[in-house]
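J.: Residue numbers (the numbering used here): 3 to 232. Every residue gets a Cβ at the ideal spot worked out from N, C-alpha and C, and that includes glycine. Only a predicted model underlies this, so the values are computations on that prediction, with no experimental measurement involved.
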Ligand SMILES: Nc1ncnc2c1ncn2[C@@H]1O[C@H](COP(=O)(O)OP(=O)(O)OP(=O)(O)O)[C@@H](O)[C@H]1O
Ligand SMILES: [Mg+2]
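This is the structure:
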């Protein structure tokens, strides 16, 4: 019988994704299977265009596969409705998008407190907790800035604080240090791994940063939509 420490939080079975393009059908991911244990850290690496962001979106239930299954926290999110997937994400998942996807008309603080309010936390408590996480990513002086008035690296740190603030069971991050200088990037990497160690969050990261990939327990290489090593 598996112990809690070996429980799988994510199981991917024969996952494939194809899309229609003006040039005809395009298969982005081919027959991908793997699983990730609770508390594990996994780096997904591979060339630009190999399918990393597409895969991450499917793993987190942001998108649905053409075939195959994704079980996240024991739930088949590939068969779930959009509402059910949103519910599973808000309860269990933090996601850092490659393009940040902050809400333009909300301040940095409001962006970060939103996932807590969606989980039912009262606004004043959510706001206080959001402020703590913005301070941890070095943005204590930028709480009331709208995303458009922040630098690229600052926007990325708001996106990270938004994903960290709920201390999620599974944290997905697409190029989490892509817009950061070395020192700020190191602060973020330390925060990522302290979330992993202190809250037991499972980390699934896409990165071109070799130092970050090597700090993860496991590295998985994707080439043209196939896993080549895992
Ligand atoms: N909706 C779509 N329609 C058509 N093609 C798509 C679509 N989404 C992704 N692609 C193509 O699928 C491939 C994989 O895209 P994806 O964004 O997953 O790559 P990636 O590995 O994250 O690359 P990068 O390192 O540059 O972020 C790319 O060639 C992209 O052009
Ligand atoms: Mg990408």
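#1: Start and end of the beta strand (DSSP E) containing residue 206?
#2: By how many angstroms is the C-alpha of residue 126 removed from the C-alpha of residue 224?
#3: Considering only the alpha carbon of each residue, which of 33, 23, 214 lies closest to residue 228?
#4: Assuming residue 19 is part of the alpha helix (DSSP H), what are its boundary residues?
#5: In this structure, what does DSSP give as the bridge partners for residue 80?
#6: Within the region 144-168, note down every full alpha helix (DSSP H) run reaching 4 residues or more, in order along the chain.
#7: Expressed to the nearest angstrom, what Euclidean distance is found between the alpha-carbon atoms of residue 27 and residue 128?
#8: Quick check: what's the CA-CA separation for residue 87 versus residue 63?
#9: Could you say which of 23, 12, 9, 42 lies nearest to residue 197 if we only look at CA atoms?
#10: Indicate the three-state DSSP secondary structure (helix, strand or coil) for residue 175 in the structure shown.
#11: So, under 8 Å CB-CB, residue 130 and residue 114 are touching, yes? Tell me the CB distance rounded to an integer number of Å.
#12: Do you know whose CA, among 211, 209, 202, lies nearest residue 9's CA?
#13: Return the first residue and the last residue of the beta strand (DSSP E) that residue 33 is part of.
#14: Using a threshold of 7 Å, is the CB atom of residue 74 nearer than that to any non-hydrogen atom of ligand 1?
#15: Considering only heavy atoms of ligand 1, list every residue whose Cβ is less than 5 Å from one of them, following chain order.
#16: Using a Cβ-Cβ distance under 8 Å, would residue 218 count as near chain B?
T.: In short, the structure shows the following:
#1: Where residue 206 is concerned, the enclosing beta strand (DSSP E) stretches over 204-208.
#2: Each residue's CA atom was taken as its position, placing residue 224 and residue 126 some 43 Å apart.
#3: Looking from the CA of residue 228, the closest CA among 33, 23, 214 belongs to 33.
#4: DSSP places residue 19 in no alpha helix (DSSP H) but in the uninterrupted beta strand (DSSP E) bounded by 10-23.
#5: The partner list for residue 80 (beta bridge, DSSP) is empty, contrary to what the question assumes.
#6: If only uninterrupted alpha helix (DSSP H) runs of at least 4 residues are considered, those enclosed by the region 144-168 are 154-166.
#7: Going from the Cα of residue 27 to the Cα of residue 128 covers about 44 Å.
#8: It is roughly 6 Å from the alpha-carbon of residue 87 to the alpha-carbon of residue 63.
#9: In terms of Cα proximity to residue 197, the closest of 23, 12, 9, 42 is 42.
#10: Looking at residue 175 - three-state DSSP - the assignment turns out to be strand.
#11: The Cβ separation is near 11 Å, so there is no contact.
#12: With distances taken between Cα atoms, residue 9 lies closest to 202.
#13: Counting along the chain, residue 33 sits inside the beta strand (DSSP E) bounded by residues 26-39.
#14: Judged by the Cβ position, residue 74 fails to qualify as a neighbour of ligand 1 at the 7 Å threshold, every heavy atom of the ligand being at least this far.
#15: So the residues near ligand 1 by this Cβ test are 21, 23, 30, 50, 51, 52, 53, 54, 55, 56.
#16: In the displayed structure, chain B is absent; only one protein chain is listed.
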